[in-house]
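Line by line, the protein sequences give chains S and A. Mind the numbering: the first sequence is residues 195 to 304 in my numbering, read in order. Mind the numbering: the second sequence is residues -3 to 1001 in my numbering, read in order. For glycine and all other residues, C-beta sits at the position ideal for the given N, C-alpha and C.
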Amino acid sequence: MLTIHCPNCGVTAEETEFHAHGEAHLKRFGPGSSEDDFESYLFMRKNPKGVHFERWHHRYGCGKWFHVARCTMTLEVFGSYTGQTSVPPQQIIDTIQDRRPDWVPAQDQA
Amino acid sequence: MSTRLATPGRLIDTSQPMSFSFNGKKLRGYRGDTLASALLANDQMLMGRSFKYHRPRGVVASGAEEPNALVNLGREGRFEPNQRVTTTELFDGLEATSQNHWPSLEFDVGAINARLSRFLPAGFYYKMFMYPRSFWKHVYEPIIRHSAGLGKAPKERDVDTYEHFHAFCDVLVVGGGVAGLQAALTAGKAGARVILLEQTDHWGGRAPVDGGVVDGASVDNFVDETLKALQSMDNVQLRLRTMGAGVYDHGYALGYERLTDHAPGSAGPRHRLWRIRAAQIITATGAIERPLSFAGNDIPGVMLASAVRDYVVNYGVSVGDRTVVVTNNDNAYLTAIALKNSGLSVPVILDARVLPDDRGLVAQAKALGIRVMMGHGVSSVKGGKRVTGVAICSQAGEGAVLEEIACDAVAMSGGWSPVVHLWSHCGGKLRWDTTHACFSPDVDNPPKGADGMGFVTPAGAASGMFALDDVLHDAHAAAEGVITCLDMKLPKEVTSPVAERREESPMAPVWMMPHGASAKLRAKSWLDYQNDVKVSDVRLAAQEGFVSVEHAKRYTTLGMATDQGKLSNINGLATLAGALDQDIPSVGTTTFRPPYHPISLGAIGGEARAEIFQPLRRTPLHDWHEANGAVFEPVGQWRRPYAFTRGSESTHDAVMREVTNTREKLGLLDASTLGKIIVKGPDAGKFLDMMYTNMMSTLKPGKCRYGLMCSENGFLIDDGVVARIDEDTWLCHTTTGGAERIHAHMEEWLQTEWWDWQVYVANVTEQYAQIAVVGPNARQALERLGGMDVSKEALGFMDWADGTLGGFNCRVYRISFSGELSYEIAVDASHGQAFWDALMAVGADLGAMPYGTECLHILRAEKGFIMIGDETDGTVIPQDLGLNWAISKKKDDFIGKRAQERSHMTDPNRWKLVGLETLDGSTLPDGAYAVGEGTNENGQRNMIGRVTSTYHSPTLGRGIAMGLVHNGPDRMGEVLSFPGTDGKTYEAKIVDPVFYDKEGEKQNV
């Protein structure tokens, strides 16, 4: 059972106090979008071995949504950050690159 | 025979005799005994039968690793099967019975399986029982079910209680042997908050049995002194009878405390589950001795050398008068010496090694006059239900018998394996230690915590250190390392204790005895005792291509019994490696999973059982309902009255009465459970337009609108009436079960997608008591209460207004889920009961009666209103239910709009909502499927629709139903067949889903 830090209320608590909601930073596709874009938005999810960005909800706490960057293999947590962003903040990226020198952020991948 | 010695064991209190029974036989033991030692003291060596061949089995170990000796314990509400005699402390009045035999432990019919063992090889389930196919269900399965399995499940409710503790510490030390004690002491002296767990009822582990000198005094003295020091520290918590059951992510660990197993019936919970969050964990879990694989190594009387020693030293029990010791290491010599010193006979030590010189324990044993045969081993053990002798052979050969020696016990040692379970649970890696022929923790690859750093450190024997001096140094060093990780400092004067070193010769790995054992011998050499897996089975698996250790395990069932292979795993995979001609590390181990040792389901459940299994939600009117004949049904976590029965009336009759009364006079419904969510802010209208399929922003204050909510996948997830309160405030009603879910759904979109929109949402469900006043007399009742104008002109259908009624502040909604004249009235929750009482009083002569949820269902079904969860199942879109009128065509976007444009959603072949009327007036079975022409590829009849709601309508005097039918609305008047599970086929005609008052005149008066 992981320990998770909520950036909103500042609490570090047991995983059972939170709920994970899968891949973060999805772009919503609504009416008028192509079948491929909509399929990708609704169903296609990354399942990386290693660095991953996830949506979390402080369900039995402050009720706020936020993001967590963590390693799916070692369960190392790189940091929590606000839910109100569509890209990970630079500070989180720096932390990850510091600990995983080979890792490349998705937006920089060719 | 096995018996109690005159010299008392170190754990036994002979001043406290106890009586207990085994298979009804009255026996005697002492405080301090385990059930195992007490049975042995009474010469009860035969304790059980094996799983597959029903072979007679005695105890082989002295601790948690015991595979054989499982018994039924207790009776009635305290009956529990599969209890290990080695971990069961004796208490006065203990009742145990043996299991897995028929008709008796001494004579077991199932033992015939052993004769058939040639036909029951590895994977026999898969091979034998494949054909003919029909035999499986009627012949094989019943026989297997009868003969397989261990204990029987308890039949009665558990009378004990259980609880959970949450604990937090800097350092959790698992294991109260010398390593654990020393690690806890070092960590404690640095000021860390320490919890130390020990699974047995005493401290010190096996070091006091094996002896030694620490800092110039006996190891017993070291244990006492260390314990005293720990007990004096406020920052150290010590728990006996508490097993470290598992290590999980980020320093989470489970402790399993057995509080009253040794004293059943005493006050307090029986077991306690410790849910510990530790910054660092030290696993000082010791090591387990391995059996040797020789023919007949499962015959009662063949035991681990360490166990034989434990019984003598700890309990004053000899397992036999003449014990042959067979070993590949020095450690087992301790057993021979202990036996000899207790006046027992050790005819020979068979040592598989050939050593250049005698030193240490070997020399000691020889000096005591014990015969030692180097380079020799056991060819086979003689005996059936008890060892009668051993046939000796050269270890190097194929098993030719050189000599036979009579004996009644065999003490074997194949070396020691560190208990790496807890280290491995959360991903700690292992390395192969060639010196000791065992897997030990690879300290460079520990389980990692949230910070990416290791959080488990092994200590002592658990890290592959076996000499007392090494164990203590390692434990001290482990604690030192942990203290550094915690940014704490160890005072300079704290140093490791020093133990005297014993001279020792290296062990030699022996995976089969003799080395070239023939097929006949291999077929009698047991690896996994409980599951009857032999050397020959593992070799067969390898031969048949099961080269992965995980596959071989499942094919042979090696290590799959309740002991989880604590004794068998290493020997099994060494055998597999041998058969595959690979080295052991490249074959690898199977995965270690928690718990280390079985823990009770009661402990896992803790306090969460019966009425506190989960919180119950009760409306403000709950007590009134209870006092007035309510039959409750669960709706989410709520309890809602299903119906209110009167006198001897049946529930069905009550429902019929409630429907008729509500249609003709006046019904009152407790609608407090309906979700009520306030949505407020400058962007609230825009937000609700996204949430609902309807247009909510155009709703005028003072008006209500029925709304539908879909998921982004397009499927209908909730419905309810939305009221606009003022310019920037809306109140959304949700279904009873949907309030929290829909509130969370709204929050999710607001926080994660449109966080710049200015909207607040609040779930105010429990702030109000809400009562539906329904029926032709509804208005009259409200007028009698007096206050606000509730006339048609002042408060029309789908209007709402704030005001007072009978002096109560209330909000009145003119909405109807019944088709009748209906007011839903919300008052402060604390006024709910008083308001209800006032309504009942003024309505008494108007026919006021409470009604329940089943009446509500019938009323809505008569009107063709859908119910979330009945007409919807997560795959239904509003268009399927003829609700197109509630889907705005003006809006560019709403949640689910894009999804509903997908080809499958717009497919004309979708099943759609219709009404169904049986031809004979009977009621269709709920969930019944309509069958059409032809069959599908499985030979089943094609299905063309299903019943979603079905009731007997007292209003119409017949069964009515709704259902989803392929092209339903285009097939009005067609008759469909619904085969029921009762064998009957129901015929029903497709009709309009609105059965009653199609024009809606009754609600609009």
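Bridge partners of residue i, per DSSP?
i         : result
Trp412/A  : Glu285/A
His261/S  : Arg249/S, Tyr275/S
Gly373/A  : Cys389/A
Gly601/A  : DSSP output for Gly601/A lists no bridge partner at all.
Val757/A  : Val675/A
Asn68/A   : Thr93/A
Cys700/A  : Ala719/A
Asn880/A  : Asn880/A is not bridged to any residue.
Ile401/A  : Val386/A
Cys481/A  : Looking at the DSSP assignment, Cys481/A forms no beta bridge with any residue, so it has no partner.
Pro1002/A : Outside the displayed range of chain A (-3 to 1001) lies residue 1002/A, so it cannot be described from this structure.
Ala291/A  : Ser376/A
Trp907/A  : His962/A
Gln875/A  : Note: Gln875/A sits in no beta bridge, so no partner.
Asp714/A  : Met705/A
Arg613/A  : Trp634/A
Identify, in the order they occur along the chain, each residue of the same chain with its Cβ nearer than 6 Å to the Cβ of residue i, setting aside the five sequence neighbours on each side.
i        : result
Thr384/A : Lys378
Phe232/S : Phe223
Asp206/A : Leu330
Gly771/A : Thr658, Lys661, Leu662, Gly663, Glu816
Asn565/A : Gly555
Residues in its own chain within less than 8 Å of residue i by CB, not counting five upstream and five downstream?
i        : result
Gly216/S : Arg239, Glu248, Arg249
Ala304/S : Any reading at Ala304/S must be qualified, since the residue scores a pLDDT of 47, below 50, and its modelled position is unreliable; the value itself is stated next. Once the five neighbours on either side are set aside, Ala304/S has no close Cβ partner at all.
Ala515/A : Ser532
Ala149/A : Pro77
Arg235/A : Ile191, Leu192, Leu193, Glu194, Gly251, Glu253, Trp270
Note down the Cα distance separating residue i from residue j, rounded to an integer number of angstroms.
i         : j        : result
His900/A  : Glu858/A : 31 Å
Met(-3)/A : Tyr26/A  : 19 Å
Met449/A  : Ser375/A : 50 Å
Ile608/A  : His648/A : 30 Å
Leu684/A  : Lys699/A : 15 Å
Ser314/A  : Asp294/A : 19 Å
Ser501/A  : Ala92/A  : 43 Å
Gly602/A  : Thr157/A : 8 Å
Ile277/A  : Glu723/A : 59 Å
Ser262/A  : Gly89/A  : 14 Å
Gly244/S  : Asp245/A : 16 Å
Gly930/A  : Pro874/A : 30 Å
Gly70/A   : Asp216/A : 35 Å
Val298/S  : Ser280/S : 17 Å
Met863/A  : His741/A : 20 Å
Ile284/A  : Pro437/A : 15 Å
Whose C-beta lies closer than 7 Å to the C-beta of residue i among residues of the same chain, with five residues either side of it excluded?
i       : result
Leu86/A : Met14, Phe16, Gly25, Asp29, Thr30, Leu31, Ala34
Listed in chain order, which residues of the segment 434 to 448 of chain A have Cβ atoms closer than 8 Å to some Cβ of chain S?
-> Here the close residues are Lys444, Gly445, Ala446, Asp447, Gly448.
Just by C-beta distance, which residues in the segment 231 to 245 of chain A are closer than 9 Å to chain S?
-> Result list: Tyr244, Asp245.
Alpha helix (DSSP H) segments (min. 4 residues) lying fully within the segment 511 to 558 of chain A = Fully enclosed alpha helix (DSSP H) runs of 4 or longer: 515 to 518, 531 to 539, 545 to 552.
Mind checking the segment 885 to 899 of chain A against chain S and listing, in chain order, the residues whose C-beta falls within less than 8 Å of any C-beta there?
-> Per Cβ criterion, the list reads Asp888, Asp889, Lys893, Arg894, Ala895, Glu897, Arg898.
Whole alpha helix (DSSP H) elements within the segment 178 to 248 of chain A, 4-residue minimum = DSSP runs (the alpha helix (DSSP H)) wholly in the segment 178 to 248 of chain A: 203 to 206, 215 to 227.
Using a Cβ cut-off of 7 Å, which residues of the segment 261 to 290 of chain S contact any Cβ in chain A, in chain order?
-> Listed by position, the residues of the segment 261 to 290 of chain S near chain A (Cβ gap below 7 Å) are Thr268, Leu269, Glu270, Val271, Gly277, Gln278.
Any residues in the segment 726 to 759 of chain A with a beta carbon nearer than 7 Å to a beta carbon of chain S? Which ones, in chain order?
-> From the segment 726 to 759 of chain A, only Glu743, Glu744, Gln747, Thr748, Glu749, Trp751 have a Cβ closer than 7 Å to chain S.
Any beta strand (DSSP E) of 3 or more consecutive residues that is wholly inside the segment 922 to 1001 of chain A = Within the segment 922 to 1001 of chain A, the complete beta strand (DSSP E) runs of at least 3 residues are 925 to 931, 937 to 949, 954 to 962, 971 to 975, 981 to 987.
Got a sec: which bits of the segment 692 to 718 of chain A sit with their beta carbon under 7 Å from any beta carbon on chain S, in order along the chain?
-> Those residues of the segment 692 to 718 of chain A that come within reach of chain S (Cβ to Cβ, closer than 7 Å) are Glu708, Asn709.
Taking only runs of the alpha helix (DSSP H) that begin and end inside the segment 305 to 365 of chain A, which ones reach a length of at least 4 residues, in chain order?
-> Those alpha helix (DSSP H) runs which fall completely within the segment 305 to 365 of chain A and span 4+ residues are 329 to 337, 356 to 363.
Using a Cβ cut-off of 7 Å, which residues of the segment 619 to 643 of chain A contact any Cβ in chain S, in chain order?
-> Under the 7 Å Cβ criterion, the segment 619 to 643 of chain A contributes no residue.
Between the segment 515 to 530 of chain A and chain S, which residues of the former have a C-beta closer than 7 Å to a C-beta of the latter?
-> Against chain S - using a Cβ distance shorter than 7 Å - the segment 515 to 530 of chain A contributes no residues.
Write down every uninterrupted run of the alpha helix (DSSP H) in the segment 7 to 77 of chain A whose length is 4 residues or greater and which is fully enclosed by it, in chain order.
-> Look at the segment 7 to 77 of chain A and you find these whole runs of alpha helix (DSSP H), each 4 residues long or longer: 31 to 37.
Return the residues of the segment 228 to 249 of chain S that lie within a Cβ-Cβ distance of less than 8 Å from chain A, sorted by chain order.
-> Contact residues of the segment 228 to 249 of chain S toward chain A are Glu229, Phe232, Leu236, Arg249 (C-beta to C-beta distance below 8 Å).
Unbroken beta strand (DSSP E) runs of length 3 or more, entirely within the segment 796 to 838 of chain A: which are they?
-> With a minimum length of 3 residues, the continuous beta strand (DSSP E) runs that stay inside the segment 796 to 838 of chain A are 796 to 801, 804 to 809, 818 to 824.
Positions along the segment 245 to 265 of chain A whose CB lies within less than 7 Å of some CB in chain S = The segment 245 to 265 of chain A vs chain S, Cβ under 7 Å: Asp245, His246, Tyr248.
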